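These protein sequences, in sequence, are chains A and B.
Taking full-length UniProt numbering, the leading residue of the first sequence gets 1, the next gets one more, and so forth.
Taking full-length UniProt numbering, the leading residue of the second sequence gets 1, the next gets one more, and so forth.
Number of protein chains: 2
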Amino acid sequence: MLKNRQILGCSSGFVSHRWKPYSTTSGSLSFLSISTCSNPSLSYSFSSSSSTLLPTTTTTWLSSTHRPRFGAFSMSSAPSGSNPDGPSSSVAVQSAGNAHEINFCQSCGGPTKHEIPDGEEKIRAICTVCERIAYENPKMVVGCLIEHDNKVLLCKRKIQPSYGLWTLPAGYMEIGESAAEGAIRETWEEACAEVEVVSPFSQLDIPLIGQTYVIFLARLKTPHFSPGPESSECQLFALDEIPFDSLSFSSMVVTLKLYIEDVKAGKLNFHYGSINKRPGTSPSDIHAYTLEYHLQS
Amino acid sequence: MLKNRQILGCSSGFVSHRWKPYSTTSGSLSFLSISTCSNPSLSYSFSSSSSTLLPTTTTTWLSSTHRPRFGAFSMSSAPSGSNPDGPSSSVAVQSAGNAHEINFCQSCGGPTKHEIPDGEEKIRAICTVCERIAYENPKMVVGCLIEHDNKVLLCKRKIQPSYGLWTLPAGYMEIGESAAEGAIRETWEEACAEVEVVSPFSQLDIPLIGQTYVIFLARLKTPHFSPGPESSECQLFALDEIPFDSLSFSSMVVTLKLYIEDVKAGKLNFHYGSINKRPGTSPSDIHAYTLEYHLQS
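What follows is the structure, encoded as C-alpha cells:
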C-alpha cells in the first residue's frame with residue numbers, strides 16, 4: 001500500500017515542494033531557495049540563511065536575515081561541527097555540511113572562492129589554487145529499532161545534543177561499512193547490545209540539516225544490554241510507555257510512531273519519508289514537523 | 001519475506017563480514033581492515049590501501065601494497081574527485097571521501113595530522129591549529145527506475161566514468177533536498193523526464209567506495225524524455241532486452257536483476273543490500289560482486 005504525503009504529528013502543512021527540480025513553464029532548471037533563521041534554541045541555533053541558484057521564491061523558515069550564500073545553515077550556539085538534530089558518531093559530533101565554512105582547500109590549502117562551477121547549477125567552494133571543488137553531501141545516520149518481548153530498546157543520551165533524552169541507538173555511517181554494519185556497530189557502542197538486523201524499517205530524510213536516517217528492525221542475539229559511553233541508561237519500553245515527550249529527535253518520533261502504527265495494523269512495512277520542520281516553530285520542538293513523500297513498501 | 005545474504009551474480013563468496021563491529025571474546029571493539037589495490041582499470045584505479053583501527057585480520061582485495069592509512073582508497077587514473085562506481089552529480093563527478101587527501105583544514109587552512117581523536121576509534125584528519133576534525137562519510141546516490149509500458153528507462157552515459165554505458169538516471173543527493181526530490185531532479189537532468197516517485201525500491205551500499213544507492217520506482221508524468229547534457233541516448237527497454245553487458249555500475253546490475261525477479265514473482269518489494277567486489281576480480285568488472293545482508297520488506 002502506498003500513501004503519499006501523509007502528515008504525521010502536525011496540524012498545518014509546510015511547503016510541499018521546498019526544492020523544485022524544474023520549471024515546467026520555462027523548461028529550464030529553477031530552484032526554490034531554503035532559508036534558515038537566527039533563532040537560538042536549546043541545543044543549537046541557525047545563524048545564517050542560504051539559497052540555491054536561480055531562486056524563484058523564498059520560503060521563510062522563521063524570521064531571518066536573508067543572505068544568499070552557499071550552504072544550508074550554520075550553527076552558532078553549539079560547538080563547531082555539532083549536529084542539531086542527530087546523534088553522534090562515537091563521541092564527537094559531526095557537521096551536516098556547512099559549505100560556507102569551507103574557506104580553504106583540504107588538498108592544497110589554497111583559499112576557496114564560492115561560485116557556480118562550469119556545467120553545474122549550484123554554488124560550490126572551489127579552490128583558487130588547484131581548482132578542486134569541495135562537494136558537501138547529506139550524511140547518513142544508521143540505527144536499530146530492537147524488538148524484544150513486545151518492547152523496544154531506547155538509550156538515554158549522555159552527550160549533547162539532546163543530553164538526557166531518549167533515542168534509538170544510532171549514529172553516523174562510516175566509509176568502509178554498510179548501513180547494516182553501521183547500525184549494528186552503533187548499537188554495540190551505545191547499548192552494548194549484540195544484535196542481528198532483521199529488515200529495513202525506515203529511511204527518513206531531513207533536508208534542512210542534510211541528514212538521512214536509516215533504521216533497521218533488529219533483535220537481540222543475547223538478552224543483554226547496558227549503557228555504553230554515550231548513554232546514561234538503556235531500557236526496554238512497552239509501546240504504550242515510550243516517552244514521546246522525552247525523545248531526542250524528530251526522526252525518532254516519526255520512526256516510533258510508524259512502528260506503533262504498523263504493529264497495531266499487524267504488518268511491518270518499510271517507510272520512506274522526508275521530515276521538514278513546520279514554519280514558525282522552534283528548531284528544538286521535535287514534534288513540529290511534517291512528513292512529506294511518505295511512501296511504504 | 002526476508003532473505004539473508006542472498007548471493008547474486010557471483011559464484012564464489014567474499015568475506016561475509018568485512019567489518020566486524022565488535023569482538024565477542026574480548027568485549028572490546030575490533031575491526032577488520034579493508035585493503036584496496038594498485039590495479040589500473042578501464043576507468044579508474046586504486047592507488048593505495050587502507051585500514052581502520054585495531055586490525056585483527058587483513059582481507060586482501062587484490063595484490064596490493066599495504067599501508068595502514070586513513071581512508072578507503074585513492075584513484076589515480078581518473079581526474080581528481082572522480083568516482084569509480086557511481087554516476088555524477090550534474091556534470092562534475094565527486095569523490096566518495098579520500099580522507100588521506102585531507103592535508104589542510106577547510107575552516108582555518110591549518111595543516112592536519114592523522115590521529116585517533118580522544119574517545120573515538122578511527123583515525124581522522126585533525127587540524128593542528130584549530131583542532132577541528134574532518135569527518136568523511138558515505139555519499140548517497142539517488143535515482144529512479146521508471147516503469148512505462150512494461151519497459152524501463154535507461155540513459156547512455158555521455159560522461160566518465162563508464163562513458164557509453166547504460167544506467168538508470170541517478171546522481172549524488174544534495175544537501176537541502178530529500179532523496180525523492182534528488183531522484184526526481186537527476187531524472188530531469190539526465191533524461192529530461194518529468195516523473196513521480198511511486199515507492200522506494202532499493203538501498204544498496206557499496207562500502208569499499210563509500211556510496212549508498214537509493215532507487216525509487218517512478219512513472220512518467222508525461223510520455224516524453226530525451227537525453228540531458230550527461231546522456232547521449234535515453235531509451236525504454238523491455239525487461240528481456242536490458243543490456244546487462246553494457247551497464248555502467250554494479251548497483252545498476254543488482255537493481256535491475258532484483259526488479260526483474262520481483263516482476264516475475266508478481267510482487268515488488270523494497271530491497272536492502274551491501275555490494276562487495278569479489279576478491280581477485282577487476283574493479284571494472286561490474287558483474288564480479290557479492291550481495292550481502294540482502295533483506296526485503
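Just so you know, even glycine gets a beta-carbon here, dropped at the ideal spot from N, CA and C.
These numbers come from a predicted model, not from an experiment.
- When 8 Å is used as the limit between beta carbons, A:Pro207 is near these residues of chain B: Ile175, Gly176, Glu177, Ser178 and Glu181, in chain order.
- Any Cβ of chain B closer than 8 Å to the Cβ of A:Gly210 would place that residue at the interface, and such an atom is present.
- Remark: C-beta atoms of A:Phe216 and A:Ala183 approach each other more closely than 8 Å.
- Put simply, the stretch 129 to 142 of chain A touches the stretch 131 to 150 of chain B. At least three CB pairs are less than 8 Å apart.
- Taking a cut-off of 8 Å for Cβ pairs, the stretch 112 to 128 of chain B and the stretch 183 to 198 of chain B do not touch, as fewer than three such pairs fall below it.
- If the five residues before and after A:Ser246 are omitted, its C-beta is found closer than 6 Å to the C-beta atoms of Leu165 and Trp166, all from its own chain and listed in chain order.
- B:Phe270 places its beta carbon less than 8 Å from that of A:Phe270.
- Cβ-Cβ distances below 8 Å link A:Asn150 to Ala238 and Leu239 in the same chain, with the five nearest sequence neighbours on each side left out; the list follows chain order.
- Bridge pairing for A:Tyr272: A:Gln203 and A:Leu295 [DSSP].
- At a Cβ-Cβ threshold of 8 Å, A:Gln296 and B:Gln106 do not count as neighbours.
- Here A:Leu154 is actually not in contact with A:Ala218; their C-beta atoms are around 13 Å apart, not less than 8 Å.
- The C-alpha of A:Pro243 is placed about 46 Å away from the C-alpha of A:Glu120.
- Going by DSSP, B:Val263 is part of the alpha helix (DSSP H) stretching over Ser250 to Ala265.
- Taking 3 residues as the shortest admissible run, the UniProt domain "Nudix hydrolase" (137 to 260) of chain B contains the following complete beta strand (DSSP E) segments, listed from N- to C-terminal end: 139 to 148, 151 to 157, 170 to 172, 195 to 206, 211 to 220 and 231 to 238.
- Listed along the chain, the chain B residues whose CB falls inside 8 Å of the CB of A:Tyr172 are Tyr135 and Asn137.
- The Cβ atoms of B:Glu190 and B:Pro223 do not sit closer than 8 Å to each other.
- Under a criterion of Cβ atoms nearer than 7 Å, no residue of chain B is adjacent to A:Pro161; the nearest Cβ is some 16 Å distant.
- By the beta-carbon neighbour count (other beta carbons within 10 angstroms, threshold 16), B:Lys267 is exposed.
- With fewer than 16 other Cβ atoms from the protein chains shown falling within 10 Å of its own Cβ, A:Tyr163 counts as exposed.
- B:Glu115 carries a strand assignment under DSSP once its states are collapsed to helix, strand and coil.
- Distance from A:Arg132 to A:Ser248 at the Cβ level is roughly 36 Å; contact not present, criterion being Cβ atoms closer than 8 Å.
- DSSP places A:Arg278 outside any beta strand (DSSP E), giving it a letter other than H or E.
- By the beta-carbon neighbour count (other beta carbons within 10 angstroms, threshold 16), B:Glu292 is buried.
- Looking only at A:Gln211, A:Tyr135 and A:Gly228, the smallest Cα-Cα distance to A:Asn276 is reached by A:Gln211.
- Taking a beta-carbon distance threshold of 8 Å, B:Val197 counts as an interface residue toward chain A.
- In the DSSP assignment, A:Ile126 falls within the unbroken beta strand (DSSP E) covering Arg124 to Cys127.
- Among the bridge pairs identified by DSSP, B:Tyr289 is matched with B:Lys277.
- For the 8 Å CB-CB criterion, A:Pro207 and B:Glu241 do not form a contact.
- The C-alpha of A:Gln160 lies about 44 Å from the C-alpha of B:Cys192.
- Along the stretch 249 to 283 of chain B, going in chain order, the ones with a CB nearer than 7 Å to a CB of chain A are Asn269, Phe270, Tyr272 and Ser274.
- The beta carbon of A:Ser202 lies closer than 6 Å to those of Ile215, Thr255 and His271 in the same chain, with the five residues before and after it left out.
- Distance between B:Lys113 and A:Pro283, taken at the CA atoms: about 35 Å.
- In this model, A:Tyr289 and A:Val253 are separated by some 10 Å (Cα to Cα).
- Around the CB of B:Val152, 16 or more other CB atoms lie within 10 Å, so the residue is classed as buried.
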